[in-house]
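For reference, the structure discussed in these notes is given below.
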């Protein structure tokens, strides 16, 4: 019985519940679309390195905290590679992983004056480990072997697929992480008929367009997320690129009563982004959990002047 309850707790807080997302979630999705779509690998004209940190609900002890590092670059005119490493901490649990991606792209001819269009298709292979930090939890009986079994962790592997269409003004992408929905058959448990010991397939859809006005630009975009047995989540964003695209200001709204303020600056090939999430009064938990803060640092190596433009970086 102890074993069942412990693994039930671990699987929920990792999180492996039906209503939770198992992929790293960042508000600056447009700044680093490679995090949710492997087809973005190599679509820029530079070696793009990004470090991101996200702290949710600053007033809530043990709130989710995410660290990530991504790198992607073109291999040649038709292909690109990418790497993502991440770590999620939620209370006494840690989920860390590594993903390698490869993408192939080709020009696409379309009617009308849309400029040069490209379609990129990408695949990613991912390995993750879930760990339970037993030293952070008080147990009345530490002799239960299930505690040490949980602390040893669980390792899973899975794959992701993505498609990315883009030109110098428009972008649209679809991606699906956790295609295999791998799990650990040695762990048992269900929630409302759904198994809690496996990964769940996610679906991401993203689209946006840039309107250019001399030294400034406006970019509306939308991101749609779907996880099995969970409701759709839609996030709309408007960004303003100012000072010849060296300054970015923006705001997002998500369908779970969350608004996000966005700011970004560029100094040569260095980039800094900040985002702050805050629940609206309709979501009461926002007033007691506190805001969410997110920082992203970027470095572009070997970039042409066009690729150094804040808009062109994915």
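In the numbering used here, the protein residues as written are 112 to 425.
C-beta atoms are modelled at their ideal positions from N, C-alpha and C, and glycine is treated no differently.
None of the values given here were measured: they were computed from a predicted structure.
Candidates the options, of which the one nearest residue i by Cα
| i | options | result |
| --- | --- | --- |
| residue 179 | 320, 134, 284 | 134 |
| residue 203 | 279, 142, 244 | 244 |
| residue 321 | 371, 229, 216, 277 | 277 |
| residue 342 | 151, 401, 314, 360 | 314 |
| residue 139 | 380, 226, 360, 390 | 360 |
| residue 217 | 231, 210, 226 | 231 |
| residue 338 | 351, 289, 374, 352 | 289 |
| residue 209 | 141, 194, 220 | 194 |
| residue 426 | 269, 330, 270 | Residue 426 falls outside the range modelled here, since the chain spans only 112 to 425, and no answer is possible. |
| residue 233 | 162, 271, 201 | 271 |
Exposure label - residue i; buried when at least 16 CB within 10 Å
| i | result |
| --- | --- |
| residue 286 | buried |
| residue 326 | exposed |
| residue 169 | exposed |
| residue 175 | buried |
| residue 172 | exposed |
| residue 125 | Confidence at residue 125 is low in this model, with a pLDDT of 41, below 50, so the placement of that residue should be treated as unreliable; the coordinate-derived value is given next. Label assigned to residue 125: buried. |
| residue 127 | The predicted position of residue 127 is uncertain, since its pLDDT is 38 and thus under 50; no value can be drawn from it. |
| residue 292 | exposed |
| residue 137 | buried |
| residue 227 | exposed |
| residue 340 | exposed |
| residue 130 | Because the pLDDT of residue 130 is 40, which lies under 50, any placement of that residue in the model is unreliable, and the number read from its coordinates should be weighed accordingly. It counts as exposed. |
| residue 145 | buried |
| residue 273 | buried |
Chain-order list of residues whose beta-carbon lies under 6 Å from that of residue i (same chain, five-residue window excluded)
| i | result |
| --- | --- |
| residue 346 | 334, 363, 365 |
| residue 266 | 240 |
| residue 158 | 184, 412, 413 |
| residue 455 | The question about residue 455 has no answer, for the chain in this structure spans 112 to 425. |
| residue 207 | 198, 240 |
| residue 100 | Only positions 112 to 425 of the chain appear in this structure, which leaves residue 100 out of reach. |
| residue 404 | 166, 387 |
| residue 303 | For residue 303, the pLDDT reaches just 40, beneath the cut-off of 50, and the residue's location in the model is therefore unreliable, although a value from the coordinates is still provided. Once the five neighbours on either side are set aside, residue 303 has no close Cβ partner at all. |
Beta-carbon contacts of residue i that lie in its chain and below 8 Å, excluding the five residues immediately before and after
| i | result |
| --- | --- |
| residue 485 | The displayed coordinates of the chain run from 112 to 425. Any statement about residue 485 would go beyond what the structure contains. |
Spatial neighbours of residue i in its chain, beta-carbon cut-off 7 Å, leaving aside the 5 residues before and after
| i | result |
| --- | --- |
| residue 358 | 376 |
| residue 188 | none |
| residue 355 | 326 |
Taking only runs of the beta strand (DSSP E) that begin and end inside the segment 341-388, which ones reach a length of at least 3 residues, in chain order? 344-353, 358-365, 369-378
What beta strand (DSSP E) runs, 3 residues minimum, are completely inside the segment 266-340? 281-287, 313-320, 322-324, 327-338
Of all the beta strand (DSSP E) runs that stay within the bounds of the segment 134-198, which reach a length of 3 or more residues? Annotation note: the segment 134-198 contains the following uninterrupted beta strand (DSSP E) runs of length 3 or greater, listed N- to C-terminal: 158-166, 176-185.
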